[in-house]
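Student: Chains as they are written, first to last, in my numbering: chain U, 1 to 113; chain P, 1001 to 1116.
Even for Gly, the Cβ is constructed at its ideal location relative to N, Cα and C.
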Amino acid sequence: AQSVTQLGSHVSVSEGALVLLRCNYSSSVPPYLFWYVQYPNQGLQLLLKYTTGATLVKGINGFEAEFKKSETSFHLTKPSAHMSDAAEYFCAVTYSGTYKYIFGTGTRLKVLA
Amino acid sequence: DTGVSQDPRHKITKRGQNVTFRCDPISEHNRLYWYRQTLGQGPEFLTYFQNEAQLEKSRLLSDRFSAERPKGSFSTLEIQRTEQGDSAMYLCASSPTIGAPDNEQFFGPGTRLTVL
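Here's what the structure looks like:
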């Protein structure tokens, strides 16, 4: 069965520090991978996605992620955290032949001044 | 640009009552999805429509749950005989028809259901 694991339900970083949020997936077929952000009382907003092609994907707000097939990972990074990055982040996967997303349990990012 | 809208945003009900939620997708989107998100968890897929056809349902969608999209535009999700375990955020999303499953799904703000 396909699944997504996000290590660390809570991550704290100092403002200006590197942000690293981890996502691993299990799959027997090529995945399509997504990162979404959720601010309080709002819906999910797409940060970036990997489908095919270049494995390093750049998204909005300075975020990027790298698809590593050998490690079945799709970690999200940002070189310098900003206070406005504080939110909950979800990694999701889908596959050819289905339209449903499978989400991880989320990582709440806290940015310290 | 109007995104996906959901109504109501919050619903408090007593156990055993029926509730209905509405989702209005982005107007040109033919695909519509319902997810459920409980505290501390990621969204879980419930069901998916292409136009008015319900094409996939999760095992999470028990016989107390029913979803419709009668004219291929807005959708409703009804929960009959609510239970406390139904308390969750119900999210709706939509995506264009053209393209593969890697199309972005656009999410609404959700309806938060509290069953007392």
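Any beta-carbon of chain P closer than 8 Å to the one on L44 (chain U)?
Tutor: Interface residue, yes.
Student: Have a look at U:S96, U:S3, U:S84 and U:V111 and flag the residue whose alpha-carbon is nearest the alpha-carbon of G1042 (chain P).
Tutor: It is U:S3.
Student: So what's E71 (chain U) in DSSP terms, helix, strand or just coil?
Tutor: Here E71 (chain U) sits in helix by DSSP.
Student: At 9 Å on the CB atoms, spell out the chain P contacts of G104 (chain U), in chain order.
Tutor: Those are G1042, listed as they occur along chain P.
Student: With a threshold of 8 Å between beta-carbons, can G1072 (chain P) be considered close to chain U, or not?
Tutor: No - not a single Cβ of chain U is within 8 Å of the one on G1072 (chain P).
Student: Please list the partners that R1031 (chain P) has in chain B, where partner means a Cβ-to-Cβ separation under 8 Å.
Tutor: Note that chain B does not occur in the displayed structure, where the protein chains are U and P.
Student: Taking DSSP's pairing of strands, which residues face E1078 (chain P) in a bridge?
Tutor: Bridge partners of E1078 (chain P): P:T1020 and P:S1066.
Student: Could you tell me the distance, in whole angstroms, from the CA atom of S26 (chain U) to the CA atom of P1025 (chain P)?
Tutor: Approximately 31 Å between the Cα atoms of the pair.
Student: Less than 8 Å between the CB atoms is what I'm expecting for F1045 (chain P) and T1111 (chain P), so what's the real figure, rounded?
Tutor: That pair is no contact at about 16 Å.
Student: Got a sec, what are the start and stop residues for the beta strand (DSSP E) E1028 (chain P) sits in?
Tutor: No beta strand (DSSP E) holds E1028 (chain P); DSSP gives it neither H nor E.
Student: Taking a cut of 7 Å between CB atoms, which residues from the region 64-81 of chain U lie near chain P?
Tutor: Against chain P - using a Cβ distance shorter than 7 Å - the region 64-81 of chain U contributes no residues.
Student: Under the rule that 16 or more other beta-carbon atoms within 10 Å means buried, what is K1071 (chain P), buried or exposed?
Tutor: Counting Cβ neighbours within 10 Å, K1071 (chain P) comes out exposed, since fewer than 16 surround it.
Student: How should G1085 (chain P) be labelled, buried or exposed, when 16 other C-beta atoms within 10 angstroms of its C-beta is the threshold for buried?
Tutor: Result: exposed.
Student: N1103 (chain P) by DSSP, collapsed to three states: which one?
Tutor: Three-state result, N1103 (chain P): coil.
Student: My output table needs one value for N24 (chain U): the three-state DSSP class, helix, strand or coil.
Tutor: Three-state result, N24 (chain U): strand.
Student: So which residues of chain U does Y1048 (chain P) contact, with C-beta pairs closer than 7 Å?
Tutor: Within 7 Å Cβ-Cβ: Y99 and K100.
Student: Of all the options P:Q1080, P:C1092, P:T1097 and P:R1036, which has the alpha carbon lying nearest to the alpha carbon of Q1017 (chain P)?
Tutor: For the residues P:Q1080, P:C1092, P:T1097 and P:R1036, the minimum Cα distance to Q1017 (chain P) belongs to P:Q1080.
Student: Here's a check: name, in chain order, each residue in its chain whose Cβ is nearer than 8 Å to the Cβ of D85 (chain U), leaving out the five neighbours to either side.
Tutor: Answer for D85 (chain U): V19, N61, K78, L109 and V111, listed in chain order.
Student: Provide the residue span of the beta strand (DSSP E) that contains S1087 (chain P), from first to last.
Tutor: Looking at the DSSP string, S1087 (chain P) is not in any beta strand (DSSP E), and its letter there is neither H nor E.
Student: Using a Cβ cut-off of 8 Å (strictly closer), state whether E1056 (chain P) contacts chain U.
Tutor: Closer than 8 Å: yes.
Student: List, in chain order, every chain U residue whose beta-carbon is nearer than 8 Å to that of P1109 (chain P).
Tutor: Going along chain U in sequence order, the residues near P1109 (chain P) (Cβ under 8 Å) are N41, Q42 and G43.
Student: Give the straight-line distance between the Cα atoms of T1076 (chain P) and N1030 (chain P), rounded to the nearest whole angstrom.
Tutor: Roughly 15 Å between the two C-alpha positions.
Student: Compute the Euclidean distance between the alpha carbons of K69 (chain U) and R1059 (chain P), then round it to the nearest angstrom.
Tutor: The alpha-carbon atoms of K69 (chain U) and R1059 (chain P) are separated by roughly 30 Å.
Student: Look up S84 (chain U) in the DSSP assignment and say whether it is helix, strand or coil.
Tutor: Reduced to three states, the DSSP call for S84 (chain U) is helix.
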